[in-house]
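Peer 1:
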Amino acid sequence: MKADVVVIGGAVMGASVAFWLTRLNPGIDVLVVERDPTFAHASTALSAAGIRQQFTNPVNVQISRFGVDFIKNFQERLGHDVGIPSLGFRENGYLFLATTETARDTLAEVALMQRENGAATEIWTAEQTAARFPWLNTDDVLSSSFGPRDEGFFDNMGLMSGFRAAAKAQGARFVTDTVTGLTVTAGRVTGVTLGQGGHVACTAAVNAAGPRAAQVMAWAGLPLDVEPRKRTIFVIDAPNARHPDAPLMIDRDFWIRPEHDQWITATVPAEDGPCDFDDFEPEDHLWEEVIWPALWHRAPGFDAVKVIRRWSGHYAYNTLDQNAILGPHPAMPNLYLMNGFSGHGLQQAPAVGRGIAEHILFGNWQSLDLSDLSVERMLAGKPFAEKAIV
Ligand SMILES: Cc1cc2nc3c(=O)[nH]c(=O)nc-3n(C[C@H](O)[C@H](O)[C@H](O)COP(=O)(O)OP(=O)(O)OC[C@H]3O[C@@H](n4cnc5c(N)ncnc54)[C@H](O)[C@@H]3O)c2cc1C
Numbered sequence: 009m010k011a012d013v014v015v016i017g018g019a020v021m022g023a024s025v026a027f028w029l030t031r032l033n034p035g036i037d038v039l040v041v042e043r044d045p046t047f048a049h050a051s052t053a054l055s056a057a058g059i060r061q062q063f064t065n066p067v068n069v070q071i072s073r074f075g076v077d078f079i080k081n082f083q084e085r086l087g088h089d090v091g092i093p094s095l096g097f098r099e100n101g102y103l104f105l106a107t108t109e110t111a112r113d114t115l116a117e118v119a120l121m122q123r124e125n126g127a128a129t130e131i132w133t134a135e136q137t138a139a140r141f142p143w144l145n146t147d148d149v150l151s152s153s154f155g156p157r158d159e160g161f162f163d164n165m166g167l168m169s170g171f172r173a174a175a176k177a178q179g180a181r182f183v184t185d186t187v188t189g190l191t192v193t194a195g196r197v198t199g200v201t202l203g204q205g206g207h208v209a210c211t212a213a214v215n216a217a218g219p220r221a222a223q224v225m226a227w228a229g230l231p232l233d234v235e236p237r238k239r240t241i242f243v244i245d246a247p248n249a250r251h252p253d254a255p256l257m258i259d260r261d262f263w264i265r266p267e268h269d270q271w272i273t274a275t276v277p278a279e280d281g282p283c284d285f286d287d288f289e290p291e292d293h294l295w296e297e298v299i300w301p302a303l304w305h306r307a308p309g310f311d312a313v314k315v316i317r318r319w320s321g322h323y324a325y326n327t328l329d330q331n332a333i334l335g336p337h338p339a340m341p342n343l344y345l346m347n348g349f350s351g352h353g354l355q356q357a358p359a360v361g362r363g364i365a366e367h368i369l370f371g372n373w374q375s376l377d378l379s380d381l382s383v384e385r386m387l388a389g390k391p392f393a394e395k396a397i398v
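Here this note's numbering is used: position 120 in the sequence shown is 128, and no number is missing along the way.
Following this line, the structure appears as structure tokens:
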């Protein structure tokens, strides 16, 4: 078998790059290899499905500017009727609370940059925050930042499925198999081996393997500072706190957002570190020990709460700077990375897929300069830190 481009991993990133490659070059032969057709453990399926403009790097704001337009106008931007007319975007906003002076100053500083890049971020006092969301206790809040437009949550699987369907309509091929190795000749990828026994010759390969991205690089003898980190999301019902129009709120020790009449919430474990690729056991203790006390403090209506269910997913965690790692690897220039999203990759899929496709086809970044997120900084050990990691 052969293909012009083999994409390793067919969830949101793999599907997006396949869509953009076949959109920009209709004659190209793209093969997407996905090991799990159920996507049961893909980050894409286990995500909180949010998009925000409130990042601390201009490039991430620009990526989200493109992303939100794509998500809001999904069917039209895809250019195909994929049977998903809308991603059900709920523009509830993101609310970051500052409870320390440092956090207050950072929110004010980055809001300026976000607005310069087209976001609508507003900085509020504690009183303004309480006036807008009277169910919050703001006694210890110094300020907050709120995005009144272009922030909220949407249908994560719809985004992935739409990209896959549109890419197929444009000629991309999708197979169920596990890539088990790369064939490397004179510093270039010349093919991939498949678990079911086949080999696919290619002129370029894309690493879209999510939390398993470092496994793919290891086959090429190249290290990558990306590891799986577990995040447990709790679905809760709080009969005395029903606010379906609430924003996704980020407090010091947890985040929470409405899911219709219920809520989803999570925290970062104090002892955060890599987990096994196949370990999806929820970390139940985080609910009672960390989240509930902090939540009840922040909103007294959460006095009577029932955990309905919970699940764990893996962040593809970039241990250097928690930002995406994008583009060709300098030591293997036809192996392209779209990795390390550290919990904010779903919303980045439209812009990143386009960027990687343009780089493969034209040899450089075109519509959006993504060079801040290049592999080179990783190799040089120079962090390009994203501080607003949720
Ligand atoms: C709990 C949680 C909450 C999140 N919340 C948000 C959010 O609110 N907003 C946001 O923007 N992002 C969020 N994210 C991050 C977002 O989900 C990811 O960044 C994004 O989905 C990454 O997509 P991906 O395609 O790179 O990876 P994945 O979705 O993990 O897909 C990788 C695919 O590669 C396949 N694969 C791996 N190895 C191989 C191989 N050898 N051969 C074949 N196939 C292979 C896997 O089976 C998988 O389907 C969250 C993530 C988690 C875990």
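Every residue, glycine too, gets a C-beta built ideally from N, C-alpha and C.
(1) List the endpoints of the continuous beta strand (DSSP E) containing residue 378.
(2) Looking only at its own chain, which residues have a Cβ that is under 6 Å from the Cβ of residue 101, when we skip the five neighbours before and after it?
(3) State the beta-bridge partners of residue 242 as determined by DSSP.
(4) Counting only C-beta atoms, is residue 229 closer than 9 Å to chain D at any point?
(5) Flag this pair as touching only if the stretch 255-273 and the stretch 291-304 have three or more C-beta atom pairs under 8 Å; answer yes or no.
(6) For residue 9, verify whether its CB is less than 8 Å away from any heavy atom of ligand 1.
(7) With DSSP as the reference, label residue 225 as helix, strand or coil.
(8) Hey, is residue 18 close to ligand 1, as in C-beta under 8 Å from one of its heavy atoms?
(9) Round the Cβ separation of residue 12 and residue 38 to the nearest angstrom and send it over; I've been treating them as touching at under 8 Å.
(10) Leaving out five residues before and five after residue 219 in sequence, what residues of the same chain have Cβ atoms less than 6 Å from its Cβ?
(11) How would you write the range of the beta strand (DSSP E) that residue 267 sits in, first residue to last?
(12) On a CA-only basis, which of 343, 387, 298, 74 is nearest residue 14? Give me that one, please.
(13) Beta-carbon separation of residue 351 and residue 233 under 9 Å?
(14) Ends of the beta strand (DSSP E) at residue 37?
(15) Just the C-alpha distance for residue 221 and residue 200, rounded to the nearest angstrom, thanks.
(16) I'd like the ranges of any beta strand (DSSP E) spanning at least 3 consecutive residues and lying wholly in the stretch 282-319.
Peer 2: The relevant details are as follows:
(1) Mapped onto the sequence shown, residue 378 falls at position 370. No beta strand (DSSP E) holds residue 378; DSSP gives it neither H nor E.
(2) Within the sequence shown, the letter at position 93 stands for residue 101. Taken in chain order, the residues that qualify are 154, 155, 156, 159, 255.
(3) For the purposes of this step, residue 242 is identified with residue 234 of the sequence shown, where counting begins at 1. Among the bridge pairs identified by DSSP, residue 242 is matched with 273, 318.
(4) No chain D is part of this structure, which consists of one protein chain only.
(5) For the pair of segments examined, the stretch 255-273 was found to touch the stretch 291-304: the number of CB pairs separated by less than 8 Å reaches three.
(6) Taking the first residue of the sequence shown as position 1, residue 9 is located at position 1. Residue 9: no, Cβ never under 8 Å from ligand 1.
(7) Within the sequence shown, residue 225 is the residue found at index 217, counting from 1. Assignment of residue 225 by DSSP, reduced to helix, strand and coil, places it in the helix class.
(8) Along the sequence shown, read from residue 1 onward, the residue named residue 18 stands at position 10. Indeed, a heavy atom of ligand 1 lies less than 8 Å from the Cβ.
(9) Locating residue 12 in the sequence shown gives position 4, counting from the first residue. Locating residue 38 in the sequence shown gives position 30, counting from the first residue. Between residue 12 and residue 38 a beta carbon distance of about 7 Å is seen, short of the 8 Å cut, so the two are scored as contacting.
(10) Mapped onto the sequence shown, residue 219 falls at position 211. Once the five neighbours on either side are set aside, the close Cβ partners of residue 219 are 236, 322, 324.
(11) Within the sequence shown, the letter at position 259 stands for residue 267. Residue 267 -> beta strand (DSSP E) spans 263-267.
(12) As a first step, residue 14 is located in the sequence shown; it is residue number 6 there, counting from the start. Comparing C-alpha distances from residue 14 to each of 343, 387, 298, 74 shows the shortest one belongs to 343.
(13) One-based indexing of the sequence shown puts residue 351 at position 343. One-based indexing of the sequence shown puts residue 233 at position 225. Cβ atoms of residue 351 and residue 233: not closer than 9 Å.
(14) Stepping through the sequence shown from its first residue, residue 37 is reached at position 29. Looking at the DSSP string, residue 37 is not in any beta strand (DSSP E), and its letter there is neither H nor E.
(15) Here residue 221 refers to the residue found at position 213 of the sequence shown. Here residue 200 refers to the residue found at position 192 of the sequence shown. Here the C-alpha atom of residue 221 lies approximately 15 Å from the C-alpha atom of residue 200.
(16) If we require 3 residues or more, the stretch 282-319 turns out to have no beta strand (DSSP E) run fully inside it.
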